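Worksheet for the structure shown next.
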Amino acid sequence: MTIDKNHVVALHYTLNSVEENGEKTFIEKTDADQPFAFLYGVGMMLPRFEENLHGLAAGDKKSFTITPEEGYGEKAENATAQLPVAMFEQSGMPPLGVILPLQDPEGNQVNAVVIEVTDEAVIVDLNHPMAGKTLHFDVEVVAIRPATEEELSHGHAHGIDGHSGH
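Numbered according to full-length UniProt numbering, the sequence shown spans residues 1 to 166.
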């Protein structure tokens with residue numbers, strides 16, 4: 001079986017960013033006993049990520065790079081917001097670098113990174129944390145199976161076996 005739309009894919013990956021000088025900086029990787037499982041072809045993953053996996057079989061390994069334009073876009077320098085300190089009276093002031101889950105006026109979830117704290121405001125960067133980064137993946141496909149009807153109706157994988165994740 002090969003990876004195609006409406007299949008659950010389980011894989012191990014190592015993700016690095018590629019710096020301008022060509023050097024790689026480690027970002028994250030899966031645990032040896034916990035592969036990453038997702039529902040392929042339903043828009044949950046970056047389209048370019050899925051394109052690179054299409055047609056692979058269990059046991060296949062592949063390395064590929066995704067440019068910022070193919071990934072999370074370029075970093076917008078003016079994508080910041082000033083949150084009033086009153087928002088943090090209950091929880092306390094957040095430290096620099098922490099990710100705050102926010103909601104925009106349309107109800108979309110946004111993760112913002114704290115970049116500055118002043119007496120008047122907490123200034124956050126609204127760019128995706130991977131914006132502006134060239135991403136390099138080393139993947140190994142662990143397992144592939146057809147998605148269950150329940151997974152298709154929920155729009156996500158329920159683990160490698162189809163019974164976990166809830």
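The beta-carbon is built from N, C-alpha and C at its ideal position, and this holds for glycine as well.
Please read all numbers here as calculations on a predicted model, not as lab measurements.
Minimum C-alpha distance to residue i - residue among the options
i           : options             : result
residue 1   : 31, 143 and 30      : 143
residue 48  : 137, 98, 80 and 18  : 137
residue 120 : 8, 89 and 157       : 89
residue 96  : 11, 7, 122 and 147  : 122
residue 118 : 81, 152, 68 and 29  : 81
residue 68  : 130, 153, 99 and 24 : 130
residue 85  : 106, 116, 79 and 60 : 116
residue 46  : 70, 87 and 35       : 70
Residue i vs residue j beta-carbon contact at 8 Å
i           : j           : result
residue 51  : residue 40  : no
residue 110 : residue 94  : no
residue 75  : residue 132 : yes
residue 162 : residue 151 : yes
residue 9   : residue 38  : yes
residue 11  : residue 140 : yes
residue 7   : residue 101 : no
residue 65  : residue 134 : yes
Extent of the continuous alpha helix (DSSP H) run through residue i
i           : result
residue 49  : 47 to 53
residue 158 : Counting along the chain, residue 158 falls outside any alpha helix (DSSP H), and DSSP gives it neither H nor E.
Close-in-space but distant-in-sequence residues of the same chain around residue i (CB under 8 Å, 5 per side omitted)
i          : result
residue 4  : 40, 41, 54 and 55
residue 59 : 140 and 141
Presumed contact (8 Å Cβ cut-off) between residue i and residue j, rounded CB distance
i           : j           : result
residue 104 : residue 112 : Incorrect: roughly 10 Å between the Cβ atoms, too far for contact.
For residue i, the first and last residue of its enclosing beta strand (DSSP E)
i           : result
residue 140 : 134 to 146
residue 18  : 7 to 18
residue 75  : Looking at the DSSP string, residue 75 is not in any beta strand (DSSP E), and its letter there is neither H nor E.
residue 101 : 99 to 103
Other residues of its chain near residue i: CB distance less than 6 Å, five sequence neighbours each side excluded
i           : result
residue 128 : 72
Close Cβ partners of residue i (< 7 Å) along its chain, the five nearest in sequence each way excluded
i          : result
residue 62 : 52, 56 and 139
residue 79 : 125, 126 and 127
Residue i beta carbon near the ligand HEM (any heavy atom closer than 7 Å)
i           : result
residue 145 : In terms of ligand content, the structure shown is empty, and the ligand HEM therefore cannot be addressed.
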